[in-house]
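**Student:**
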Amino acid sequence: MRLQLISDLHTEFRRGGELAFIQYLPIEKGLDFLVVAGDLVVFAEQGEVIIKAIFGAISEMARHVIYVTGNHEYYGSTKEWAEEQLREVLSLYPNIHWLDNSEITLDGVHFVGGSMWYPDVDGLNYVKMYMRMMNDFYAIKLFDWAERENTRFNAFVNGYAGQDTIVVTHHLPHPRCTPLEFVHSALNRYFVSDQSWTLATRKPKLWLFGHTHREYDGQLSETRLVCNPFGYPGERNSKNPYKAVVFDV
Numbered sequence: 006m007r008l009q010l011i012s013d014l015h016t017e018f019r020r021g022g023e024l025a026f027i028q029y030l031p032i033e034k035g036l037d038f039l040v041v042a043g044d045l046v047v048f049a050e051q052g053e054v055i056i057k058a059i060f061g062a063i064s065e066m067a068r069h070v071i072y073v074t075g076n077h078e079y080y081g082s083t084k085e086w087a088e089e090q091l092r093e094v095l096s097l098y099p100n101i102h103w104l105d106n107s108e109i110t111l112d113g114v115h116f117v118g119g120s121m122w123y124p125d126v127d128g129l130n131y132v133k134m135y136m137r138m139m140n141d142f143y144a145i146k147l148f149d150w151a152e153r154e155n156t157r158f159n160a161f162v163n164g165y166a167g168q169d170t171i172v173v174t175h176h177l178p179h180p181r182c183t184p185l186e187f188v189h190s191a192l193n194r195y196f197v198s199d200q201s202w203t204l205a206t207r208k209p210k211l212w213l214f215g216h217t218h219r220e221y222d223g224q225l226s227e228t229r230l231v232c233n234p235f236g237y238p239g240e241r242n243s244k245n246p247y248k249a250v251v252f253d254v
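Set out below in structure tokens:
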């Protein structure tokens, strides 16, 4: 069976041309699975009609769509409100499966996923130092739950992932996935949730993620880690085209 990975389409920057942009993507025909690893829409900024149309277009690209939210889905709203909108949209498209610290097995393929977020590494004082540098802290209303979500994700993935599992997250699962130009950035703690223990003990066969706007394809322990983001307008051109990343699963 064929699975394709996309992420970080950021359709909020394609106003008036969202559907044309999606149709432009190099999506393989006849896919069994399409994984969308977050940052697809911004529920508080884009209208209900266009958001439903975007998800509708995505739903037609594969028999099954595996979706996790990114951080941008929550911009301009609370977590509860954004997820209420998401549930309403997904009620129209039963082949889109939202993983929210949850699992699903489809045609014998086991998926475990969630946004993942990031841990509370150094406490509130450290967070305050960097709040102005991270959009999450002022763009998401009542944003005091990232660490709790990260704890929930860790408990779930370590309880349910196995060697035949495909894990899907938005945030990066290991520091090695960090682009070279950002290796020494203090903000990496808001991009990466180090899953070294999970990778070493649960050994999922694939870990698909987004968030960083740089491609990544590497091996850690027995797990292949892959990221295939489109990114913001201007990050793709003829010298850096968006390419299809497809797996046999």
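When we follow our numbering, the leftmost residue of the sequence shown carries the number 6, and every step to the right adds one.
Backbone N, C-alpha and C fix where the C-beta goes; we use that ideal spot for every residue, glycine too.
Please read all numbers here as calculations on a predicted model, not as lab measurements.
How is HIS69 classed by DSSP in three states: helix, strand or coil?
**Tutor:** Taken through DSSP and simplified to helix, strand or coil, HIS69 comes out as strand.
**Student:** I believe LEU30 touches ILE11 by the beta-carbon criterion, under 8 angstroms. Please report the beta-carbon distance rounded to the nearest angstrom.
**Tutor:** The pair is a contact, with the Cβ atoms about 7 angstroms apart (cut-off 8 angstroms).
**Student:** Between ALA67, PHE161, PHE148, which has its C-alpha nearest GLU108's C-alpha?
**Tutor:** Comparing Cα-Cα distances from GLU108 to each of ALA67, PHE161, PHE148, the minimum goes to PHE161.
**Student:** Identify every residue that forms a DSSP beta bridge with HIS115.
**Tutor:** Residue pairing of HIS115 in beta bridges, as defined by DSSP: THR110, THR170.
**Student:** So, at 7 angstroms on beta carbons, what are the nonlocal neighbours of PHE142 in its own chain, with the 5 sequence-adjacent residues on each side left out?
**Tutor:** MET136, PHE148
**Student:** Just to confirm my understanding: we take SER120, look at its own chain, exclude 5 residues before and 5 after, and list those with CB closer than 7 angstroms. What are they?
**Tutor:** Closer than 7 angstroms at the Cβ level, and outside the excluded window around SER120, lie GLY43, VAL73, THR74, GLY75, GLU154, THR174, HIS175, HIS176.
**Student:** Could you give the residue range of the beta strand (DSSP E) that holds GLN9?
**Tutor:** 7-11
**Student:** Kindly indicate which residue of HIS69, ALA62, ILE59, PHE60 has the alpha-carbon position closest to the one of LEU39.
**Tutor:** Per the Cα distances, HIS69.
**Student:** Compare the Cα-Cα distances from VAL47 to each of SER64, PHE26, ASP13 and report the closest residue.
**Tutor:** ASP13
**Student:** What are the partner residues of PHE252, as DSSP defines its beta bridges?
**Tutor:** LEU8
**Student:** Please classify THR228: is it buried, with 16 or more other beta-carbons within 10 angstroms of its beta-carbon, or exposed?
**Tutor:** buried
**Student:** Quick check on the DSSP output: the alpha helix (DSSP H) that includes ARG157 runs from which residue to which?
**Tutor:** That run of the alpha helix (DSSP H) goes 151-165.
**Student:** Along the alpha helix (DSSP H) that carries LEU147, what are the first and last residues, could you check?
**Tutor:** Run containing LEU147: none; DSSP gives neither H nor E here.
**Student:** Taking the Cβ atom as the reference point for each residue, do VAL231 and ALA166 lie within a distance shorter than 9 angstroms?
**Tutor:** no
**Student:** What would DSSP say about HIS77, mapped onto helix, strand or coil?
**Tutor:** helix
**Student:** Check the DSSP bridge columns for TYR221 and list the partner residues they point to.
**Tutor:** Partner(s): CYS232.
**Student:** The alpha helix (DSSP H) that contains TRP86, what's its start and end?
**Tutor:** For TRP86, the uninterrupted alpha helix (DSSP H) segment begins and ends at 84-95.
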